[in-house]
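Structure record follows, encoded as C-alpha cells.
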Amino acid sequence: MAQKILIVEDNDNNRSLFQDILRFYDYDVSVAIDGEEGVALARELLPDLILMDIQMPGMDGMAAGQILKRDPLTCNLKIIALTSFAMQGDEQKFLAAGFDDYLSKPVNTRELPGRVKEWLTAEGLS
Ligand SMILES: [Mg+2]
754 MAQKILIVED NDNNRSLFQD ILRFYDYDVS VAIDGEEGVA LARELLPDLI LMDIQMPGMD
814 GMAAGQILKR DPLTCNLKII ALTSFAMQGD EQKFLAAGFD DYLSKPVNTR ELPGRVKEWL
874 TAEGLS
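In short: position in the sequence shown from 1, add 753, done, that's this note's numbering.
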C-alpha cells in the first residue's frame with residue numbers, strides 16, 4: 754500500500770508542484786490549503802508524513818502543527834515544516850514546537866523525493 758503524504762500549503766503553485774512530484778513517486782498524496790483543513794485531514798487520514806507550510810492565512814502551520822503534536826491521536830505523525838527565507842535562523846523554534854524537521858523554501862524539487870523517502874524510512878525504524 755502506498756504511503757500517505759499530506760501537503761498543507763496555501764500557495765497553489767507550490768501545492769501543485771509538490772503534489773505532482775510526490776504522486777510521480779507513487780505516494781498517496783492529499784492536500785489541504787490551510788491549517789484548519791490540514792488538521793482535519795490529518796485526523797482523518799493519519800498520513801505517514803505531513804509537509805506543513807508555516808505561513809498560511811487563517812490557522813498557520815505553527816498553530817496547526819502544535820495542535821497535531823498535542824493530540825494523542827496525531828502526536829506521532831511526522832511533520833516537516835516548510836519555512837521561508839525570512840525564517841532563517843528560526844528553525845530551532847519549529848523543532849522546539851514539536852516539528853520533526855524543516856525544509857527551507859524554495860524547496861529543491863530534485864532533493865524533495867530523496868528527503869521524503871528518508872523521513873518515511875526513519876519513521877519505519879522508530
Ligand atoms: Mg504559505
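From the three backbone atoms N, C-alpha and C, an ideal C-beta is built for every residue, glycine too. Keep in mind that this is a model prediction, so the values were computed, not measured.
Review point. Over what stretch of residues does the alpha helix (DSSP H) that includes SER837 continue unbroken?
Key: Position 84 of the sequence shown, counting from 1, holds the residue named residue 837. Here SER837 belongs to no alpha helix (DSSP H), and DSSP marks it neither H nor E.
Review point. Does the pairing of the region 836-844 with the region 790-800 give three or more beta-carbon distances under 8 Å?
Key: The region 836-844 and the region 790-800 do not touch, with fewer than 3 CB-CB distances between them shorter than 8 Å.
**Study point:** C-alpha gap between ALA816 and MET754, whole angstroms
**Key:** As a first step, residue 816 is located in the sequence shown; it is residue number 63 there, counting from the start. As a first step, residue 754 is located in the sequence shown; it is residue number 1 there, counting from the start. Going by the C-alpha atoms only, they are around 31 Å apart.
Check your understanding: Taking 7 Å as the cut-off, does the CB of MET809 come closer than this to any heavy atom belonging to ligand 1?
Key -> The residue given as residue 809 occupies position 56 in the sequence shown. Checking every heavy atom of ligand 1 against the Cβ of MET809, one is found closer than 7 Å.
Practice item. Within 10 angstroms of the Cβ of PHE771, are there 16 or more other Cβ atoms? Answer buried if so, exposed if not. Key: Along the sequence shown, one-based indexing puts residue 771 at 18. Answer is buried; the Cβ neighbour count reaches 16.
Practice item. Name the residue from GLN819, ASP813, LEU775, ASP854 whose alpha carbon lies nearest to the alpha carbon of ILE786. Key: Working through the sequence shown from its first residue, we reach residue 786 at position 33. Of the candidates GLN819, ASP813, LEU775, ASP854, the one whose C-alpha sits nearest the C-alpha of ILE786 is ASP813.
Point to revise | For ASP765, the first and last residue of its enclosing alpha helix (DSSP H) | key: Residue numbering aside, residue 765 sits at position 12 when the sequence shown is read from its first letter. Start and end: 765-777.
Point to revise | Segment limits, beta strand (DSSP E) that includes MET805 | key: As a first step, residue 805 is located in the sequence shown; it is residue number 52 there, counting from the start. From DSSP, the beta strand (DSSP E) with MET805 extends over 802-806.
Check your understanding: Taking all protein chains shown into account, do 16 or more other C-beta atoms lie within 10 angstroms of the C-beta of THR862, making it buried, or fewer, making it exposed?
Key -> Position 109 of the sequence shown holds residue 862. Flag for THR862 reads exposed.
Review point. CB-CB under 7 Å to LEU884, same chain, minus the five flanking residues each way: which ones, in chain order?
Key: With the chain covering only 754 through 879, there is no way to say anything about residue 884.
**Study point:** Residue range of the unbroken alpha helix (DSSP H) whose run includes ALA794
**Key:** As a position in the sequence shown, residue 794 is number 41, starting the count at 1. As written in the sequence, residue 794 is Leu, which differs from the Ala given in the question. 788-798 is the span of the alpha helix (DSSP H), which, as asked, contains LEU794.
Point to revise | Same chain, Cβ closer than 8 Å to TYR780, neighbours up to 5 away in sequence not counted | key: For the purposes of this step, residue 780 is identified with residue 27 of the sequence shown, where counting begins at 1. Excluding positions up to five away in sequence, the list reads ALA755, GLN756, LYS757, ILE758, VAL869.
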